[in-house]
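In the working numbering, each residue carries its 1-based index in the sequence shown increased by 13.
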Amino acid sequence: MFDAALLLGICDKIVPGLFIGAARFGHLPTIFVPGGPMPSGLPNSEKARIRQLYTEGKVGRDELLEAESESYHSPGTCTFYGTANSNQLMMEMMGLHLPGASFINPNTPLREALTRYAAEQAIRNSEPGGRYRPFWQQIDEKAIVNAVVGLLASGGSTNHTLHLVAMAGAVGLTLTWDDFTELSAVTPSLTRIYPNGQADVNHFQAAGGMSFLIRELLDAGLIHGDISCVFGGDLSDYTQEPFLEDGRLVWRQGPTQSLDLDILRPVSEPFSPTGGLTVLNGNLGRGVIKVSAVKPEHRVVEAPVRLFSDQNEVKAAFDAGELDRDVIVVVRFQGPRANGMPELHKLTPYLGVLQDRGYQVALVTDGRMSGASGKVPAAIHMTPEAIDGGPLAKLREGDVARLNADRGELSAVVDEAEWQARDATVMDLEHYRYGMGRELFAGFRQLVNGAEDGASVFGGFEDQDLARGTDRA
């Protein structure tokens, strides 16, 4: 019915969902068309400072609203380096954008020209257009590896330890958390974008942006150049940047040197020799932690746990002064099967305040944090999740836990015999499942797999019964 598809998506789960949809209609040529980031507003560090002051009751709602309005002031993605901008980087690393399209601001002549060219390129890539380039020919294991390496080199969103696993599964490939860890160990950290630094994505773009980053990774042999790209060639085309010449869209080679070494660096002079993301293992299960924004002195925490089953309970405990101590905050029953795995974004200011007060603080959860998780060590996506009797459900109030991000360890410091003898806590979660349309998703909560498998509700093409459309499907 259709000759090609233009996929208009920027934020969070939208781009992974579009990718999965493209995989299911893999005969269609597909181009992802980004919208670009909003121009820089209030610096992200200042926004975070106001949020923390509001959390402590030191400023009011008027000041908070003013700061938020100055931060999010126009169309486009947020300017910090969270899931939305990580999406854009990964699409370009896989050759699914036009070269240099990711971080051009909305409502500019160049943005408009790129969008028009993408529509024209989709026609050229169609079967009637004569250069048939279907999605299934574009995405293979090399493209997926490029996305992972780009994410790690830039200190991108932890949410993609879920999304990329599901995206790979949709094209019949198996990507594991161990793959992330092994690639992180050999991928240098080349950017400092908030929350990993003070710059925003517009500053990254000005410092050299995607063309410089891709050139460095290609020249170092850290990504695959021989992938099929929507632009018509291979990934070497993506060392170019788009410009307007007399109203005509052209591409020129991007900078060969970073224009700001505080934001963007070459492979020969990285911020860190590793990507700063690792898998945690121990008697509390397996989880993911990003340490690129966590100072070395905060990466090892041993403290009594405080147990919660809702992020609003954490706020109440903070307000009552009950968390003014060394503490590992455990928010459990937040996984995909429990309540759909909502983002626990409310926790960041409270935990940041506690850390600033000099306490050893960490978060452990079977839920998600923001893809821009920052200065507080956060062990997230813990699996098996608590609702399935996972180890977090065995914790008791006051147990001591130890998180060592440098060694990839997370354990309860509890006698082994006692630990094995404990029953898992059972929670009544019915209050999560009604209202605001939540009851519509009951089937998904029953079908969804674990965080390490992408928290998805579909099988990969390796499930031959599903692929053939049998009765089981």
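Ideal Cβ positions, reconstructed from N, Cα and C, are used throughout, including at glycine.
Note that this is a predicted model, so its numbers are computed, not measured.
Item, Value
"Any alpha helix (DSSP H) of 4 or more consecutive residues that is wholly inside the region 281 to 339", "324 to 332"
"Pair within 8 angstroms by beta-carbon distance, A156 and I240", "yes"
"C-alpha gap between L524 and V46, whole angstroms", "The requested residue 524 does not occur in the structure, where the chain is confined to residues 14 to 486."
"Element boundaries [alpha helix (DSSP H), containing L196]", "190 to 197"
"Proximity test, Q324 beta-carbon vs the ligand MN heavy atom, cut-off 7 angstroms", "As far as ligands go, the structure on display features none, and thus does not contain the ligand MN."
"For A392: DSSP bridge partner residues", "V377"
"Contact under 8 angstroms by Cβ, L398 with D379", "The question names Leu, but residue 398 in the sequence shown is Glu. Yes, Cβ-Cβ distance for E398 and D379 is below 8 angstroms."
"Three-state secondary structure assigned by DSSP to Q253", "strand"
"Residues bridged to P50 (per DSSP)", "T90"
"Span separating the alpha-carbon of Y489 from that of G39", "Coverage of the chain is limited to positions 14 through 486, which leaves residue 489 absent and any answer about it impossible."
"DSSP-derived helix/strand/coil call for V426", "coil"
"Within-8 angstroms CB hit, R299 to chain C", "Of the chains in the structure shown, none is chain C; there is only one protein chain."
"Three-state class that DSSP yields for I33 in the structure shown", "helix"
"Stretch-stretch touch, CB-based, cutoff 8 angstroms, three pairs: the region 176 to 194 with the region 259 to 269", "no"
"Sub-8 angstroms separation of L336 and V377 beta-carbons", "no"
"Extent of the continuous beta strand (DSSP E) run through T361", "That residue, T361, is in no beta strand (DSSP E); its alpha helix (DSSP H) goes 360 to 369."
"Under the three-state DSSP convention, the category L274 falls into", "coil"
"Collapsed DSSP secondary structure at A17 in the structure displayed", "coil"
"8 angstroms CB neighbourhood of Q477 in its chain, flanking five on each side removed", "For Q477, the pLDDT reaches just 38, beneath the cut-off of 50, and the residue's location in the model is therefore unreliable, leaving the point undetermined."
"Range of the contiguous beta strand (DSSP E) that encloses Q266", "261 to 266"
"Residue span of the beta strand (DSSP E) that contains F45, given as start and end", "43 to 45"
"The region 161 to 174 touching the region 201 to 220, judged by at least three CB pairs closer than 8 angstroms", "yes"
"Residue closest to G463, alpha-carbon to alpha-carbon, out of T189, N296, M440", "T189"
"Alpha carbon of D259 to alpha carbon of D75, nearest angstrom", "46 angstroms"
"Span of the beta strand (DSSP E), counted from its first residue to its last, around N209", "Careful: N209 lies outside any beta strand (DSSP E) and carries neither H nor E."
"Boundaries (first-last residue) of the beta strand (DSSP E) holding R415", "413 to 417"
"DSSP three-state assignment for E398, whether helix, strand or coil", "coil"
"Identified DSSP bridge partners for S202", "S285"
"Proximal residues to K359 (C-beta, below 8 angstroms), its chain only, five neighbours per side dropped", "Q324, N325, V327, K328"
"Closest residue to E105 among N209, I152, R420 (Cα-Cα distance)", "I152"
"Beta-carbon spacing of T200, T269 below 8 angstroms", "no"
"Residue range of the unbroken alpha helix (DSSP H) whose run includes D153", "Per DSSP, D153 belongs to no alpha helix (DSSP H) and is neither H nor E."
"Bridge partner(s) assigned by DSSP for V343", "L320, V377"
"Whether G108 touches F244 by CB criterion (8 angstroms)", "yes"
"Distance between beta carbons of A406 and I341, contact taken as under 8 angstroms", "Between A406 and I341 the Cβ distance is about 16 angstroms, and since that is not below 8 angstroms, they are no contact."
"Beta-carbon spacing of P42, N138 below 8 angstroms", "yes"
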